[in-house]
Amino acid sequence: MMLVPRRNNFDLFDDFFEDDFFPKRERNLMKTDIRELKDKFIVDVDLPGFSKENINLSLQNGYLNIHAKVNKHEEKKEEEKYVRRERFFGETSRSFYIGEDIKESDINAEFKNGILKIEIPKKEEEKKNNSLKQIEIK
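Residue numbers (this note's numbering): 1 to 138.
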């Protein structure tokens, strides 16, 4: 008996690129929802299996960077071998442009039950003077 995930559709192209040489599982990391409220944005990032200590948020040049890593060292027993291994071990990151007017102190973040919740306030953009200015030709 083999334990293989059930798939309703068969796609030879996808099956070819799903082997270990072309890992597909990284696309499933950091699934993100972004909600807009009247005065802020709320970003919910799925990070199951990660711990708070291994998640890093940074702000650079208007980009909010999320970096997370999971290190699980398991002793390998000679009598057992994996038939399929889908759990993620390693590092992953994502970036979102939030504007250069936002400061680190404006952002609130909380990690609970595998979900990173980030609150980013809306800031009024400075209106740039884009009016047309004529240059006199002499």
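Just so you know, even glycine gets a beta-carbon here, dropped at the ideal spot from N, CA and C. Source: prediction; values computed, not measured.
query, result
"Option in K40, F41, I55 with minimal Cα separation from L47", "I55"
"Where H95 sits in the DSSP three-state scheme", "According to the sequence displayed, residue 95 carries Ser and not His. Note: S95 maps to strand in three-state DSSP."
"Proximal residues to F50 (C-beta, below 6 Å), its chain only, five neighbours per side dropped", "A68, V70"
"Cβ-based burial, V83 [other Cβ within 10 Å; buried from 16]", "exposed"
"Three-pair Cβ contact test at 8 Å for the stretch 114 to 126 versus the stretch 38 to 46", "yes"
"Assigned secondary structure, D46 (DSSP; H/G/I helix, E/B strand, else coil)", "strand"
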